[in-house]
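Engineer:
Number of protein chains: 4
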Amino acid sequence: PSSPSGLVQAAREAINKAVSKRDSKTSVLAIDEDMRDVCYYYSQLGTEERSDFLIHMATVFSTNHMAVEQLIQQKPQVDIDGNKMEAQRLRWEDRLRQAIQPTYHWIFSQISRLSGGVKFLVDMRQDLLTTLYTKSSDIFLAAALKTMDSTLRELLSLWFTVGLLNVQRITWESPCNMLQKVSEYEAVHPVRNWTDLKRRVGLYRRCFIFTHSCMPNEPLVVLHIFLTSEISCSMAKILKTSRTPSLDESSMKKDCEDPSLINTAIFYSITSTQKGLKGIELGNYLIKRVVHELRAEFPHMTQFSSLSPIPLFVKWLSALLIRAERGELSIFTSDELSDLREHLGTESDSSVYERLRKLFTTNGWVEEEELVNTLQMPLMRLCAHYLYNEKLRGYALDSVANFHLKNGAMMWRINWLADRSPRGLANSCGIMVNYRYFLEDCESQSRTYLESSRIIASDTVVSLARAAAEVMKV
Amino acid sequence: PSSPSGLVQAAREAINKAVSKRDSKTSVLAIDEDMRDVCYYYSQLGTEERSDFLIHMATVFSTNHMAVEQLIQQKPQVDIDGNKMEAQRLRWEDRLRQAIQPTYHWIFSQISRLSGGVKFLVDMRQDLLTTLYTKSSDIFLAAALKTMDSTLRELLSLWFTVGLLNVQRITWESPCNMLQKVSEYEAVHPVRNWTDLKRRVGLYRRCFIFTHSCMPNEPLVVLHIFLTSEISCSMAKILKTSRTPSLDESSMKKDCEDPSLINTAIFYSITSTQKGLKGIELGNYLIKRVVHELRAEFPHMTQFSSLSPIPLFVKWLSALLIRAERGELSIFTSDELSDLREHLGTESDSSVYERLRKLFTTNGWVEEEELVNTLQMPLMRLCAHYLYNEKLRGYALDSVANFHLKNGAMMWRINWLADRSPRGLANSCGIMVNYRYFLEDCESQSRTYLESSRIIASDTVVSLARAAAEVMKV
Amino acid sequence: PSSPSGLVQAAREAINKAVSKRDSKTSVLAIDEDMRDVCYYYSQLGTEERSDFLIHMATVFSTNHMAVEQLIQQKPQVDIDGNKMEAQRLRWEDRLRQAIQPTYHWIFSQISRLSGGVKFLVDMRQDLLTTLYTKSSDIFLAAALKTMDSTLRELLSLWFTVGLLNVQRITWESPCNMLQKVSEYEAVHPVRNWTDLKRRVGLYRRCFIFTHSCMPNEPLVVLHIFLTSEISCSMAKILKTSRTPSLDESSMKKDCEDPSLINTAIFYSITSTQKGLKGIELGNYLIKRVVHELRAEFPHMTQFSSLSPIPLFVKWLSALLIRAERGELSIFTSDELSDLREHLGTESDSSVYERLRKLFTTNGWVEEEELVNTLQMPLMRLCAHYLYNEKLRGYALDSVANFHLKNGAMMWRINWLADRSPRGLANSCGIMVNYRYFLEDCESQSRTYLESSRIIASDTVVSLARAAAEVMKV
Amino acid sequence: PSSPSGLVQAAREAINKAVSKRDSKTSVLAIDEDMRDVCYYYSQLGTEERSDFLIHMATVFSTNHMAVEQLIQQKPQVDIDGNKMEAQRLRWEDRLRQAIQPTYHWIFSQISRLSGGVKFLVDMRQDLLTTLYTKSSDIFLAAALKTMDSTLRELLSLWFTVGLLNVQRITWESPCNMLQKVSEYEAVHPVRNWTDLKRRVGLYRRCFIFTHSCMPNEPLVVLHIFLTSEISCSMAKILKTSRTPSLDESSMKKDCEDPSLINTAIFYSITSTQKGLKGIELGNYLIKRVVHELRAEFPHMTQFSSLSPIPLFVKWLSALLIRAERGELSIFTSDELSDLREHLGTESDSSVYERLRKLFTTNGWVEEEELVNTLQMPLMRLCAHYLYNEKLRGYALDSVANFHLKNGAMMWRINWLADRSPRGLANSCGIMVNYRYFLEDCESQSRTYLESSRIIASDTVVSLARAAAEVMKV
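Chains as they are written, first to last, in the working numbering: chain A, 253 to 726; chain B, 253 to 726; chain C, 253 to 726; chain D, 253 to 726.
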């Protein structure tokens, strides 16, 4: 590529210097110094320069192919049998194992020794994933970067082992900087202001995070829970209910939860914050730990369920509408079509599809009661189809569904207009879904899903999905 | 081996079951269950059974040789050049890297995910090192176990990275269980009782430990320091001085240190407590961190030095005395010999050597003033020779010397009768040595020692060592 | 008054019940129960009802006058001299001391035993002060309430002793609820939003609070400090400066303060939050402790000063303008008057005064540069006069001045347009004043002020004040 | 007394200086300085000197008698009626209340403001109680010191209010200095060594302390509890049982308590550590709080009981034996007497009493099985008599009994040879007693005892006591 900037140059020199000491008898402290320089220079780089540097690492500090070749030549012959031979083979394998390990494996290990080093590697992997994405067209670079990524991911998965993760509950008494981060990381249902935030960590709510011993001020996963007495079918209550104490309650008594009103936990938001930890499962562990904590606090808690978004339903639906417009398949019954024509004020079926596609790019339709009623049945049906029947490599196409099903949850209920926020309408026409956790069955259901890729769903969901298939078949 | 006990059998079955799920699509939580069983059964086993089980792991769950062979056969041909070829090679190397990784690498990673898992692996490695030692005669088993040990050590060195270690100061206000452990782990100068312990964490003393985020109640390294105004030449003051407040001091004022009396830190005991972490350097990092803390607390601190034991000096000396008795070399000057004959009440030179050897197995000689005076010069000289000239693979034979020299310390002063405890007399005729840390020079001295294996010592030590060589040459 | 509500009735009955047990042999736990009821019912009362209840307490549970009278009758005769007589007198005094203690002294002590009891008493005293204010016209009630107030204040001053107060630094890492309170209590320079708050506890800022062991989540006094290199003459820099790191600084390095830029601490806001602690000095102790902390952190800190508001200057000025309008005194030189006539567009002097009074009720004038320039000298002069010469019972009339002067500070500098906020302009035409703390002189200056009520001020302030007196004399 | 030492002189001068500033306008900080000096000098004094100083305080800084006299002369006349008159009276009472307050009341308040001041006052009161005891013969001094003591006790009782006390559980993880204090303060069943201490805070044990916010490292009250499944009748199990895990338990699993074995809490030691807090009840509050904690931890806990010593039973018994020897009353039945003659190897009844008295000064008798059997019935009976019938000012003579009965406990069971330690045998022939807490009845039983001084005891105890009375009547 073009001549690198001074900083890239400095970063490269620092890393070359560090690597050159690898096999000399230099003290580890000296190598630490060099690695600290590498990190410093790297952190100064811009996006493009980082890509350059990562490509440098992935290509220059990959496996020494020659060394591998030579070792393969030296493979001990298997003519003499017995222990001696076996021992020889083990030692040869040992050497091969060392040789085939790319140099950057050693580099990553060294960086991890620095204070803040593991966090640096997490952030570096985020850059690496970006680079990988932008360079995917170059077949060689793609392979080299991919190898480096899998090396780094494996190392990270060793460090981000559950034993080093701490579950923490976040309340209004938690440090302000943590609450600020919890607020900023919330992507599913954005936090509007501090009052909103205070409510989300207040009464009838729980907010748990995972932190890592290496980076105690950084929430890795954030899980928001609503405590109630029935499986929520809408966000409205969750984000707005304030359960003000009734008049005859004492103003002296601190406001507090009434445990008798609580037997259900609704996971209404789960966010993994570190892109650099992609592919390393933490969310499932957090849910597991949190269920444990909740049951300890509320021994009578019996129902656990998510209230989850369907991020790409409208996108999928739009594509479907186009195909329907082209006559490739039918998605409404004729009664529905006639109703839609009426409410949309159009004569032709094909313009129904077109109108609907446009309609779903705006939020206005949700105010038209009759249209909403007309759409409810077909959209719920199509959504069930999308969630239950659409697959990717055998598993649920919808990533949220796939996450919960892998955890052993059941696809429980599809909820009409559960999220009327602009985001909710734009993504899924406001539809949300409950994935319900039956604790005793999670283990076996998870296995069923993973092994046979069969989705376990409630009768209601299955009926809806079947109805959709019926209509589409016709 | 003989038919294994029920528990070994159960442990084997559990591990087999876990491994069988490796490539199936089982949820990680299910594998966790199996691994928990493995740990449970293993922890129930006796020493011999553990060896059996570890051998089972090292042999059955090693690298799949066939798979490696096959992959090597499939090596892509290098006839076509270019990116495509390179990418192919990278992918092939990836597969080989996977294949050559022993199964137990995956097992260890899985165990690390359990709560308490990393500590389990540390303890398991201790068993592994024992097994390795007892089975070293079987060439195949030795190779298999060694390969497993290096795999485990590499993983442990990833987890016991400095970023996950916490320096903690131990005082009389620390939790009692920690103080008990600090007391029990102290091997260099055993703690006599709780009063003794209280003094060692009290005024003019510092005690620092490293703990790991995974096992916060377990001191991994313990470092004891004495704060004073000169480089200590004896343990007497360190273990006994109590600096009682003078009479005119207020009884209201809490006893406290007078910072003006402190400009020197004596590291008089450093202990690594986990045998399972053998080969993973932590002590040097702790010293570095502690120096940092001390300089923050005492900005005027200028001198840092150890006061260290010489664990095997008497053992080495005894061998030397035998050789001298046989006339293979001379170790005393003729004047010294004549004095020794007199004080030992013997006529012949050869019986001097024999008498001395017996003498050093007891502690009584230290009470005979004249004998002590006569021995001082020759023993100091020989000790300097032992420390400065005797090498193992190029480095100092004495492991304590090697540790401090690697850290960049200087061999500063040899101290006569510095440790009059039975242990001190038995190990090194009571001689101790200061390794002094000149902070600005540590880096370069460490490098010098590691690269050229040259020992940096003070003039006094070098003169003593030269004198010894002189005498021995004759 | 009108028949009390059910709750007042309940509160009265509870307190009567508790008092009735006072001399019976009831266990303390039983009395605790009753007192808890008293607190509960009281907390339910409205403002008017609380007044009723407090009057009930102050009158019904005051000193038993009859008992006092009787004891006075029983005073031992002083005819016999000697020890026996003295002992008798001491015992009689003891009894009188008991008798003259009002019953509510015992009630308050009992309430303090409850969890949350001391906080309850603080809040109750706030109500008591309100009641005292509204009932001041009734000579008997006023006396009764005042006696109860002084009893309560004395008890509170015992509990709010410095030994039970904790200094805490508030940062962005502090619990969110504390930061919220710090924000809400800030009265001098209101916090606009969370970004503003974050800055006030951020770089080059310190925020310290006093909490009490009884109510650890309640800041009693809040002190805000700005760290800089000169004595600030305006709020602008304090509330807005953000010292963004320059471009060439590392993005890796955490933003941090440069200690070399810090040698001055500006106390720019001090707030006592509990009205119920009126008359119990805490602020001076907090300043003293904070100076101590700052000097420990910044050994080279040499300058300590407040930047303080003058809350009632405009109010005082308006009264002055009226008197000037009436011709009772002159406050401007004739040159100034002529300039003012010009800038205010009026012909007569008397309308100048009127115009100015109206002007100072709005904030617009501060934008008219020429007017501002014309006003600067006379207003600064008058302000110096107000601060330096105007007295109340011998001490400075301005309460902020009185607070700092009692602490031993010097009236250092008057600053023109130092606070351009609406509040600052409305209160003091934007003028602020520095009270400077010369640590070595505080003790003696405090004594001078307290004993001779002489205000210690810088030459500049004194000159301004003299100039004002000069003009007004004419 | 003789001329006081220089330190006493210095202490007196410091206190005179401080008091002289009382009504001047000196800043509080200046008075703090003086008071700090007072404390410093006082702390340097010996026992005798402290007495001198306390007498100085009690006499010189007592109430100003003249001022009181004068005020009494000025009592407003009651001829005019109405509000004005009432207000006048209130103000006069106010002045009298101020005047009659001794100067040392103000001194104590000032000292409390110092850091460590409250603890200083606690310790000073201990000295004061000692002085009071040694000077009790001087009628005037006794009265003066007593007045000062009651002033100080009242102040201390305000500070040692429950709201400022913290319950803390002590475990082996608690700070070592706290455990050391818990060990040293244990007076009832002295701690033998650290292993013993570890057990007392270990499994099936609880140890709770009260600390005060002013002195967080000082246990004020220590309460030891044994967790079991029946009301313990002996110390043996409590101090020795180790409940080692059975063989088939996992060595991996941390030793832990089996909650199903726990439904009873035995309070087997409660110690108030601060003599200076005599007369301020804390122990009952600690028991109440601890019961609360235990029920939260063990919802199925149903039985609460003490296992208490009877410190002065043998002393009382000896006096009784003397009277019996003199023939003043009979304490054994004739059968018992004849048995005792036999076992003690004596012919005459009177020498039986003498022998027994001697016997109970040693511990040997407890090894003679037959004698022990013979003594059991009469000693149990006499002990019941001692506890149930012997009174002091209407309440139980035995102070331990009085403490528990005031708390509302029931005298439940007398246990033969429950404490075989030398101390236990010497104090009470090894007899111990259970005071049982029926939580629902505590309140009413406490009231019954306090109001009617009736002791509530189980039928067994009452029968024993009656039997004793029967025998003694004859």
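Cβ coordinates follow ideal geometry from the N, Cα and C atoms, glycine included.
Take residue 388/C and list the residues in its own chain whose beta-carbon comes closer than 6 Å to its own, dropping the five residues that flank it on each side.
Structural biologist: Once the five neighbours on either side are set aside, the close Cβ partners of residue 388/C are 394.
Engineer: Only counting runs of 4 or more residues, tell me where the alpha helix (DSSP H) segments fall wholly within the stretch 321-394 of chain C, in order along the chain.
Structural biologist: You should have 335-352, 355-364 and 369-386.
Engineer: Residues in the stretch 429-449 of chain D with C-beta within 7 Å of chain B's C-beta atoms, listed in sequence order?
Structural biologist: Correct list: 429, 431 and 446.
Engineer: In three-state DSSP terms, what is residue 623/C?
Structural biologist: Reduced to three states, the DSSP call for residue 623/C is helix.
Engineer: I think residue 279/A touches residue 540/B, with their Cβ atoms under 8 Å apart; what is that distance to the nearest whole Å?
Structural biologist: Actually they are not in contact, since the Cβ atoms of residue 279/A and residue 540/B sit about 11 Å apart, beyond 8 Å.
Engineer: Given that a residue counts as buried once 16 or more other Cβ atoms are within 10 Å of its Cβ, and exposed if not, what is residue 571/D?
Structural biologist: So residue 571/D counts as exposed.
Engineer: In the DSSP assignment, find the unbroken beta strand (DSSP E) run with residue 418/C in it and report its ends.
Structural biologist: That run of the beta strand (DSSP E) goes 417-421.
Engineer: Can you give me, in chain order, the residues of the stretch 314-327 of chain B that have a beta carbon less than 9 Å from any beta carbon in chain A?
Structural biologist: Per Cβ criterion, the list reads 314, 315, 317, 320, 321, 324 and 327.
Engineer: My assumption, with CB atoms under 8 Å, is that residue 665/D sits in contact with residue 698/D. Please give the rounded CB distance.
Structural biologist: Not quite, the Cβ-Cβ distance comes to about 20 Å (not below 8 Å), so this is no contact.
Engineer: Let me know if residue 525/D comes out buried or exposed under the rule of 16 or more other beta-carbons within 10 Å of its beta-carbon.
Structural biologist: By the neighbour-count rule (16 or more Cβ atoms within 10 Å), residue 525/D is buried.
Engineer: Could you check what DSSP says for residue 526/D in three-state terms: helix, strand or coil?
Structural biologist: In this structure, residue 526/D counts as coil in the three-state DSSP scheme.
Engineer: Under a three-way DSSP split, which group does residue 260/A fall into?
Structural biologist: Reduced to three states, the DSSP call for residue 260/A is helix.
Engineer: Taking the C-alpha atoms as reference points, what is the distance between residue 212/D and residue 384/D?
Structural biologist: Because chain D in this structure spans residues 253 to 726, residue 212/D falls outside the shown range and cannot be described.
Engineer: In the DSSP assignment, what are the bridge partners of residue 683/A?
Structural biologist: Residue 683/A pairs with nothing; no bridge assigned.
Engineer: Hey, how far is the Cα of residue 717/D from the Cα of residue 343/C?
Structural biologist: Taking the straight line from one Cα to the other gives about 41 Å.
Engineer: Taking residue 638/C as the reference, give the member of 680/C, 600/C, 617/C and 669/C with the closest Cα.
Structural biologist: Looking at the Cα atoms, 680/C is the closest of the given residues.
Engineer: If we cut at 8 Å on Cβ distances, does residue 413/C have a partner in chain D?
Structural biologist: Yes, residue 413/C counts as interfacial toward chain D.
Engineer: Mind checking residue 630/C: buried by the 16 CB within 10 Å criterion, or exposed?
Structural biologist: Flag for residue 630/C reads buried.
Engineer: Sorted by chain position, which residues of the same chain lie with C-beta nearer than 6 Å to residue 584/D's C-beta, five sequence neighbours on each side aside?
Structural biologist: Answer for residue 584/D: 630, listed in chain order.
Engineer: Could you tell me whether any Cβ in chain A is nearer than 8 Å to the Cβ of residue 533/B?
Structural biologist: Yes, contact with chain A.
Engineer: When burial is assigned at 16 or more other CB atoms within 10 Å of the CB, is residue 682/A buried or exposed?
Structural biologist: Its Cβ being crowded by 16 or more others within 10 Å, residue 682/A is buried.
Engineer: At the level of alpha carbons, what is the spacing between residue 448/C and residue 520/D?
Structural biologist: About 57 Å.
Engineer: How about residue 425/A and residue 429/C: are their beta carbons less than 8 Å apart?
Structural biologist: Taking 8 Å as the Cβ cut-off, residue 425/A and residue 429/C qualify as a contacting pair.
Engineer: Have a look at residue 516/D and residue 555/D and give me their C-alpha separation to the nearest angstrom.
Structural biologist: Residue 516/D and residue 555/D: Cα-Cα distance of roughly 5 Å.
Engineer: Buried or exposed: residue 512/A, going by 16 or more other Cβ atoms within 10 Å of its Cβ?
Structural biologist: Counting Cβ neighbours within 10 Å, residue 512/A comes out exposed, since fewer than 16 surround it.
Engineer: For residue 426/D, which residues in chain B fall below 8 Å Cβ to Cβ?
Structural biologist: Those within 8 Å of residue 426/D in chain B are 427 and 428.
Engineer: Which bits of chain D does residue 280/C rub up against, with CB to CB less than 8 Å?
Structural biologist: The contacting residues are 533 and 536.
Engineer: How long is the line joining the alpha carbons of residue 297/D and residue 374/D, rounded to whole angstroms?
Structural biologist: Spanning the two alpha carbons is a distance of roughly 16 Å.
Engineer: For residue 516/D, list the residues DSSP reports as bridge partners.
Structural biologist: Paired residues: 480/D and 555/D.
Engineer: Got a sec? Which residues, its chain only, sit under 7 Å from residue 668/A by beta carbon, not counting five neighbours each side?
Structural biologist: Contacts found: 628, 632 and 683.
Engineer: If we define contact as Cβ-Cβ less than 8 Å, is residue 392/A a contact residue for chain B?
Structural biologist: Answer yes: the Cβ-Cβ gap between residue 392/A and chain B drops below 8 Å somewhere.
Engineer: Which residues in the same chain have their Cβ closer than 6 Å to the Cβ of residue 378/C, if we skip the five residues on either side of it in sequence?
Structural biologist: Excluding sequence neighbours, residue 378/C sits near 527 and 528.
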